[in-house]
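Before any comments, here is the structure.
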Amino acid sequence: LFIGVDTAIMHISAANDTPVLAFFGPSGANHWGPWDNDMMQSSYTQNNGFQIMGKHRVFSESRKCQPCGKDGCNGTKVSDCLMSLDIDIIKVNIQEMMNEKNS
């Protein structure tokens, strides 16, 4: 199980059939989400929120400004949309994915 943000390692994990739980902020999962090798079409249809594609899950805050493509809010280099992810929702998804992997 790979848990992290939108990076090259996320894509390498997905390409190697490792389940991914990815967090998106300034980039959009609808363009950059981890691809499931068993699927012919992307099921990431939203700019933000929680989405599933095969064995992969992506999560981002539901904000009107997302995806913005910027390297932080208001020139700060800190993306509020990443800093405010709901840890309880993340924990539930990690547990669900671990249970799926072990079943």
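Heads up: the sequence shown begins at 2 in this note's numbering, then just goes up one per residue. Glycine included, each C-beta is placed from N, C-alpha and C at the ideal position.
- The closest CA to that of Glu101, considering only Val21, Gly70, Ser14, is found on Val21.
- The region 60-67 makes contact with the region 41-52; the number of CB pairs closer than 8 Å reaches 3 or more.
- Apart from the 5 residues on each side of it in sequence, Met11 sits with its Cβ closer than 8 Å to the Cβ of Phe3, Gly5, Val21, Ala23, Pro35 in its chain, given in chain order.
- In the structure shown, Leu22 falls within a strand segment according to DSSP collapsed to helix, strand and coil.
- Pairing Asp37 with Lys56 gives a Cβ-Cβ distance under 7 Å.
- As the crow flies, the alpha-carbon of Thr46 is around 16 Å from that of Gly26.
- Separation of the CB atoms of Pro68 and Ser14 is rounded to 21 Å, and the pair is thereby denied contact status at 8 Å.
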